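Trainee: Going down the list, the protein sequences come from chains A and B. Residues in the first sequence are numbered from 161 upward in steps of one, following the working numbering. Residues in the second sequence are numbered from 161 upward in steps of one, following the working numbering. Before anything else, here's the structure in question.
2 protein chains.
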Amino acid sequence: MSFKDATLIEVDSAVHEAHIAFLSYKNFSGKKRAEFLRAIADEIEALGDELVKTAMSETALPEARIIGERGRTTGHCRMFADYIQEGSWVEARVDTALPDRAPAPKPDIRKKMTALGPVVVFGAANFPLAYSTAGGDTASALAAGCPVIVKAHPAHAKTSELVAGAILKAMSKTGMPKGVFQHLHGAGFEVGQALVKHPNTKAVGFTGSFAGGKALFDLANQRPVPIPVFAEMSSINPIVLLPNSLKKNFESTASMLAASMVLGVGQFCTNPGLILAVEDDGLNQFIKHLSGALSKSLPAEMLHPGIANNYVKRMAEALSQKGVKLEVQSEAESKVGDKNQGRPTLASAPASEFLKNPALAEEVFGPFSLIIRCKDMGELNSVVSHLHGQLTATIIGDEEEIAKASNITNTLIDRAGRLIINGVPTGVEVCPSQNHGGPFPATTDSRFTAVGTDAIKRFARPVSFQNFPDSLLPDELKNKNPLGIWRIVNGEMTQKGW
Amino acid sequence: MSFKDATLIEVDSAVHEAHIAFLSYKNFSGKKRAEFLRAIADEIEALGDELVKTAMSETALPEARIIGERGRTTGHCRMFADYIQEGSWVEARVDTALPDRAPAPKPDIRKKMTALGPVVVFGAANFPLAYSTAGGDTASALAAGCPVIVKAHPAHAKTSELVAGAILKAMSKTGMPKGVFQHLHGAGFEVGQALVKHPNTKAVGFTGSFAGGKALFDLANQRPVPIPVFAEMSSINPIVLLPNSLKKNFESTASMLAASMVLGVGQFCTNPGLILAVEDDGLNQFIKHLSGALSKSLPAEMLHPGIANNYVKRMAEALSQKGVKLEVQSEAESKVGDKNQGRPTLASAPASEFLKNPALAEEVFGPFSLIIRCKDMGELNSVVSHLHGQLTATIIGDEEEIAKASNITNTLIDRAGRLIINGVPTGVEVCPSQNHGGPFPATTDSRFTAVGTDAIKRFARPVSFQNFPDSLLPDELKNKNPLGIWRIVNGEMTQKGW
């Protein structure tokens, strides 16, 4: 089944409709928008098996994964519903007037976050549900009060169409204005580019390749009126193995990392692509056990031919670099034949080469990891200082050893959005404390997370109201605090009104 | 007295030093950074009369204004000191582990804001103290934990040098590392460009012309690793006069706006440059009274010859547009002679011309305002919808009338950072509820304010800590909550620890 690309006229009319919808939707109460988000979750569940089977057939991902991802998708819709119904996310600040202040009276000023405007969301290849049509970008933008136009990912266009249908049903059941959510197809670049360039588009969400994300970022900044682009792009998620711990735990560390490396055929943005350690017997034992685990690990079908071909190509490039040694490649026979196969692969290189050759820091999207052998902790430190921006950075070691290597943690904080101790980067918990983001090139804006409740902040901006009579203020800022939200009133955090 | 421009080698070494300072300064406690900010305020005050006289001679601004601005500058240093000493600004979120959760255990994750890195701040011509060397950008960046390099504005280089000396004294008195604050001169573009392009620079603060701000924004986005630019640029701060109220209050409204128009020779970014009203007798009376007030208003010396020449040129351009009528130009003799004179001027144009000609929406920096005569409320609405992004938008009318014109307020919220009812946009209160910012071209990033406590957010990004032992967590995230800050713990706002 194939879908017709939107025409440029359809793009224009979609963004225009989104703008019209925005003028009312942004003012809907948190409660009313929450109903809509909960209805989306219900309607996605109501799609039942058809959605699971369609997504499986379009992405080659297994049933358990798709069911899990559906749970995450409905979960974040309901999480944002609860969050906006509670309402404190608007960061209300109230400063009351001091008419007698000298030399000048202080006016009454109040501030809250308000929606940016229509948001364009690009479906992501590697998450047909959780980062696509009703993914985190869509759910957080709708929660903030922004209409959304989704550009379906062509690799799972039918899945996208099904979810879009569920959202449209939810819109109609909860009385949302036409244009609050729209869904367009576009196999080439034209539709996406036209959406990003449209004057009524106010922000963009994207998860995918560096080339794709950077192109959208540049396009958005070249507009007469630039707009923010939240592109999550490229991360090799370094793992630092500290020597004392590795000596003791090489076997368990190897098993833990092997599982993380091959999870979802390595097609997670948090896949551990780089392992840093000091060259010693512990590292040799670790490599031996990790190689053992990977050699038995089954190759599996990747998301689509483009990604599979790219994996083979990028891996070959990495392996051809000076000093890079292939440690192991899975020799297991795939159960599903050769189609779009991603074969788990481990390589290593000396730190001296990594420090000289930027190609070794580039992402190979798939089940590939590169071990960097460092002469000593000083060289490991240099490697850490050379890292680009990352979504995550992981340190494996005992408490004392990590405390001693505080300069490594201190540097990693400036390189990554999330630091993990004695765990793996794959598995992104959806919760208020999550930061799924990081310095460039991990994302185009390190100041925001794409996952968790704070993802809503991407699609809002502050507005102050000076000298407004109470009746004309938004509910969040009225004297009585009718919504009972947390506010900073004259410098104090409180839920009280008066 | 003139200062030598920094060489490119000096720029490189300054940013390198800032980076080294960052590695320790970012980890200083809020209390320690607060001591530094308070010492800056003390040392600026200790400069006494010399600072006031120097600033007066370099900017032609009167003594009362400079003294007021000094108070605002020391005031925001102390405000940020209190804010970071209290500490809740880091937006701490704590989600504790659920090891028994099915299907997968929930890890312990905690999040807080952390400093971005070295920040480059450009001194602003129109605020030699409050938006320059120890201005809001510098104070908020230092508060966030970012070293600052100030590029002095050449029009008040000596004032800048004096304030820089005060900051360096404060650094030494409070034991700050070398490189936390640095001060460079550069009369041309080279120094500023080199600072923005340096790989170790992580953000930029700028207040000035659209051309200057946009050039820095483009430069920063063209870097291999783009960085955020907070440029406050161009705003004409529309005033909407509603007809019922105007009919009754044309006289008081005219006096109030006349004072706001000529305040500081119109050299405020919040100067009311555009007045929108329905053509009727109330408007005619208003124009008559406003013209009367302006004709008697004294021309005064502007900040520097560049700004004065630009005012004359841009005003002439505006007056030469089709449909624009000169209403009045001050005929009063200046007391200070002709040097760099800014002469208060009022013009008007029909809405039909404004809607056709983008030139009429361009800023004329100085004491110039353009009245747009609208046929009716429908046309006034169209004009409002045509506005670019603004720092402020003001509505003057009675409560009932404003409530009826809710579509105007609804549109203005999407055009401006701050809405004012029955007041003037000049006068920017420094407080938590202030939003001094707005959609492009008012600023390059509408999601942040340049004034008030939330200005600190521009220079920080979130970082999550997963599975960290308590001893390795930053104080803000430790179980016991030793700083007693407000945190969201498992979804609940609380100051409690455990």
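Glycine is no exception: its CB is placed at the ideal position from the N, C-alpha and C atoms. These numbers were taken from a predicted model, which means no experiment stands behind them.
Who are the near neighbours of Ser-455 of chain A in its chain, counting only those whose CB is closer than 7 Å to its CB and skipping five residues on each side?
Mentor: Here residue 455 of chain A refers to the residue found at position 295 when the first sequence is read from its first residue. Correct list, in chain order: Val-488, Ser-490, Glu-491.
Trainee: Report yes if the CB atom of Ser-151 of chain B is closer than 8 Å to the CB atom of Pro-432 of chain B, and no otherwise.
Mentor: There is simply no residue 151 of chain B to check, as chain B begins at 161 and stops at 658 in what is shown.
Trainee: What number of angstroms, rounded off, separates the C-alpha of Thr-654 of chain A from the C-alpha of Ala-317 of chain B?
Mentor: In the first sequence, residue 654 of chain A corresponds to position 494, counting from 1. In the second sequence, residue 317 of chain B corresponds to position 157, counting from 1. Using only the alpha carbons, I get a separation of about 44 Å.
Trainee: Measure the CB-CB distance between Val-310 of chain A and Gly-283 of chain A and report whether it falls below 8 Å.
Mentor: Translated into positions along the first sequence, residue 310 of chain A becomes position 150. Translated into positions along the first sequence, residue 283 of chain A becomes position 123. With contacts defined by Cβ atoms closer than 8 Å, Val-310 of chain A and Gly-283 of chain A form a contacting pair.
Trainee: Within 10 angstroms of the Cβ of Lys-656 of chain A, are there 16 or more other Cβ atoms? Answer buried if so, exposed if not.
Mentor: Sequence index remark: in the first sequence, residue 656 of chain A carries index 496 (1-based). Lys-656 of chain A comes out exposed.
Trainee: His-358 of chain A to Glu-523 of chain B, Cα distance in whole Å?
Mentor: As a first step, residue 358 of chain A is located in the first sequence; it is residue number 198 there, counting from the start. As a first step, residue 523 of chain B is located in the second sequence; it is residue number 363 there, counting from the start. Straight-line Cα distance between these residues: approximately 25 Å.
Trainee: When you compare the CB positions of Ala-330 of chain A and Phe-446 of chain A, do they come within less than 8 Å of one another, or not?
Mentor: Your numbering for residue 330 of chain A matches position 170 in the first sequence. Your numbering for residue 446 of chain A matches position 286 in the first sequence. Contact: no.
Trainee: Within the chosen definition, does the region 267 to 274 of chain A reach the region 211 to 228 of chain A through at least 3 CB pairs nearer than 8 Å?
Mentor: no
Trainee: Which whole-angstrom value is the C-beta distance of Leu-379 of chain A and Gln-342 of chain A, which I expect to be below 8 Å?
Mentor: Translated into the one-based positions of the first sequence, residue 379 of chain A becomes position 219. Translated into the one-based positions of the first sequence, residue 342 of chain A becomes position 182. Not confirmed; about 20 Å, so no contact.
Trainee: Excluding the 5 residues flanking Gln-501 of chain B on each side, which residues of the same chain have their C-beta closer than 8 Å to its C-beta?
Mentor: Looking up residue 501 of chain B in the second sequence gives position 341. The residues are Pro-459, Ala-460, Glu-461, Met-462, Ala-468, Ser-494.
Trainee: In its own chain, which residues sit with a C-beta less than 6 Å from the C-beta of Ser-394 of chain A, not counting the 5 before and 5 after it?
Mentor: Numbered from its first residue, the first sequence carries residue 394 of chain A at position 234. For Ser-394 of chain A, where only same-chain residues beyond five positions count, the Cβ hits under 6 Å are Phe-370, Glu-523, Pro-601.
Trainee: Just how far apart, CA to CA, sit Ile-645 of chain B and Ser-189 of chain A?
Mentor: Position 485 of the second sequence, counted from the start, is the residue given in the question as residue 645 of chain B. Position 29 of the first sequence, counted from the start, is the residue given in the question as residue 189 of chain A. Their Cα atoms are separated by approximately 30 Å.
Trainee: Who are Pro-622 of chain B's beta bridge partners in DSSP?
Mentor: The count along the second sequence starts at 1 and reaches residue 622 of chain B at position 462. BP columns for Pro-622 of chain B point to B:Met-273.
Trainee: Report yes if the C-beta distance between Pro-288 of chain B and Ala-215 of chain B is below 8 Å; otherwise report no.
Mentor: Along the second sequence, read from residue 1 onward, the residue named residue 288 of chain B stands at position 128. Along the second sequence, read from residue 1 onward, the residue named residue 215 of chain B stands at position 55. Yes; because the gap between Cβ atoms is below 8 Å, this pair is in contact.
Trainee: Do Ser-184 of chain A and Pro-337 of chain A come within 8 Å of each other at the CB atom, strictly closer than that value?
Mentor: Position 177 of the first sequence, counted from the start, is the residue given in the question as residue 337 of chain A. Position 24 of the first sequence, counted from the start, is the residue given in the question as residue 184 of chain A. Yes; because the gap between Cβ atoms is below 8 Å, this pair is in contact.
Trainee: For the candidate residues B:Ser-405, B:Ser-217, B:Ser-624, whose alpha-carbon lies nearest to that of Val-588 of chain A?
Mentor: Taking the first sequence and counting its residues from 1, one reaches residue 588 of chain A at position 428. The option with the nearest alpha carbon to Val-588 of chain A is B:Ser-624.
Trainee: My parser needs the beta strand (DSSP E) runs of 3 or more residues fully inside the region 455 to 521 of chain A; what are they?
Mentor: 485 to 489, 505 to 510
Trainee: What does Leu-579 of chain B pair with, by DSSP beta-bridge criteria?
Mentor: Counted from its first residue, the second sequence places residue 579 of chain B at position 419. In DSSP, Leu-579 of chain B forms a bridge with A:Phe-625, B:Ala-553.
Trainee: Within its chain, find whatever has a CB closer than 6 Å to the CB of Lys-396 of chain B; leave out the 5 residues flanking it on each side and keep chain order.
Mentor: Indexing the second sequence from 1 puts residue 396 of chain B at position 236. According to the sequence as given, residue 396 of chain B is Ile; it is not Lys. Result list for Ile-396 of chain B: Gly-433, Leu-434, Glu-523, in chain order.
Trainee: Using only alpha-carbon positions, find the residue among B:Asn-470, B:Phe-366, B:Ala-257 that is nearest to Ala-312 of chain B.
Mentor: Along the second sequence, read from residue 1 onward, the residue named residue 312 of chain B stands at position 152. Among B:Asn-470, B:Phe-366, B:Ala-257, the Cα nearest to that of Ala-312 of chain B is on B:Phe-366.
Trainee: Applying a beta-carbon distance threshold of less than 8 Å, which residues of chain A neighbour Asn-582 of chain B?
Mentor: As a first step, residue 582 of chain B is located in the second sequence; it is residue number 422 there, counting from the start. Here the neighbours are Asn-627.
Trainee: For Val-254 of chain A and Gly-247 of chain B, I'd like the C-alpha separation in whole angstroms.
Mentor: Position 94 of the first sequence, counting from 1, holds the residue named residue 254 of chain A. Position 87 of the second sequence, counting from 1, holds the residue named residue 247 of chain B. Distance between the alpha carbons of Val-254 of chain A and Gly-247 of chain B is about 19 Å.
Trainee: Confirm, please, whether the CB-CB distance from Asn-381 of chain A to Asn-517 of chain B is below 8 Å.
Mentor: For the purposes of this step, residue 517 of chain B is taken as residue 357 along the second sequence, with counting starting at 1. For the purposes of this step, residue 381 of chain A is taken as residue 221 along the first sequence, with counting starting at 1. For the 8 Å CB-CB criterion, Asn-517 of chain B and Asn-381 of chain A do not form a contact.
Trainee: What residue from B:Val-438, B:Pro-504, B:Lys-640, B:Pro-388 has the CA that sits closest to Ile-399 of chain B's CA?
Mentor: Within the second sequence, residue 399 of chain B is the residue found at index 239, counting from 1. Of the listed residues, the one whose Cα sits closest to Ile-399 of chain B is B:Val-438.
Trainee: Mind checking Arg-575 of chain A: buried by the 16 CB within 10 Å criterion, or exposed?
Mentor: For the purposes of this step, residue 575 of chain A is identified with residue 415 of the first sequence, where counting begins at 1. It counts as buried.
Trainee: Determine the DSSP secondary structure at Arg-647 of chain A, reduced to helix, strand or coil.
Mentor: Looking up residue 647 of chain A in the first sequence gives position 487. Arg-647 of chain A falls in the strand class under three-state DSSP.
Trainee: Report the residue ranges of all beta strand (DSSP E) runs contained in full by the region 392 to 422 of chain A; include only those spanning at least 3 residues, in chain order.
Mentor: 398 to 401
Trainee: Please return the same chain residues whose Cβ sits closer than 7 Å to the Cβ of Thr-298 of chain B, not counting the five positions on each side in sequence.
Mentor: Along the second sequence, read from residue 1 onward, the residue named residue 298 of chain B stands at position 138. Exclusion of the five residues before and after Thr-298 of chain B leaves Val-281, Val-308, Val-310 as the residues of its chain whose Cβ lies within less than 7 Å of its Cβ.
Trainee: How would you list, in chain order, the residues of chain A whose beta-carbon sits under 7 Å from the beta-carbon of Trp-658 of chain B?
Mentor: Stepping through the second sequence from its first residue, residue 658 of chain B is reached at position 498. Near Trp-658 of chain B there are no residues of chain A at all, since even the closest Cβ is about 16 Å away, more than 7 Å.
Trainee: Using CA coordinates, which residue listed in A:Pro-388, A:Thr-361, A:Pro-384, A:Lys-362 is at the minimum distance from Lys-374 of chain A?
Mentor: Against the first sequence, residue 374 of chain A aligns to sequence position 214. Cα-wise, what sits closest to Lys-374 of chain A is A:Pro-388.
Trainee: So with Cβ pairs under 8 Å, would you call Cys-591 of chain B a contact of chain A?
Mentor: The count along the second sequence starts at 1 and reaches residue 591 of chain B at position 431. Cys-591 of chain B counts as touching chain A.
Trainee: Rounding to the nearest angstrom, what Cα-Cα distance links Asp-440 of chain B and Ser-545 of chain B in this structure?
Mentor: Within the second sequence, residue 440 of chain B is the residue found at index 280, counting from 1. Within the second sequence, residue 545 of chain B is the residue found at index 385, counting from 1. So the alpha carbons of these two residues sit roughly 22 Å apart.
Trainee: Using 8 Å as the cut-off, can you tell me whether the region 558 to 573 of chain B makes contact with the region 593 to 609 of chain B, which would need three or more C-beta pairs spanning the two stretches below that distance?
Mentor: no
Trainee: At a Cβ cut of 8 Å, what residues of the region 322 to 346 of chain A count as close to chain D, listed as they run along the chain?
Mentor: The question asks about chain D, but that chain is absent: this structure's protein chains are A and B.
Trainee: Is any beta-carbon of chain B found at less than 8 Å from that of Thr-430 of chain A?
Mentor: Position 270 of the first sequence, counting from 1, holds the residue named residue 430 of chain A. Interface annotation, Thr-430 of chain A: not in contact with chain B, CB-CB separation never under 8 Å.
Trainee: Rank B:Asp-630, B:Lys-499, B:Ala-507 by C-alpha distance to the C-alpha of Gln-481 of chain B and give the top, closest one.
Mentor: The residue given as residue 481 of chain B occupies position 321 in the second sequence. With respect to the C-alpha of Gln-481 of chain B, the residue from B:Asp-630, B:Lys-499, B:Ala-507 having the closest C-alpha is B:Ala-507.
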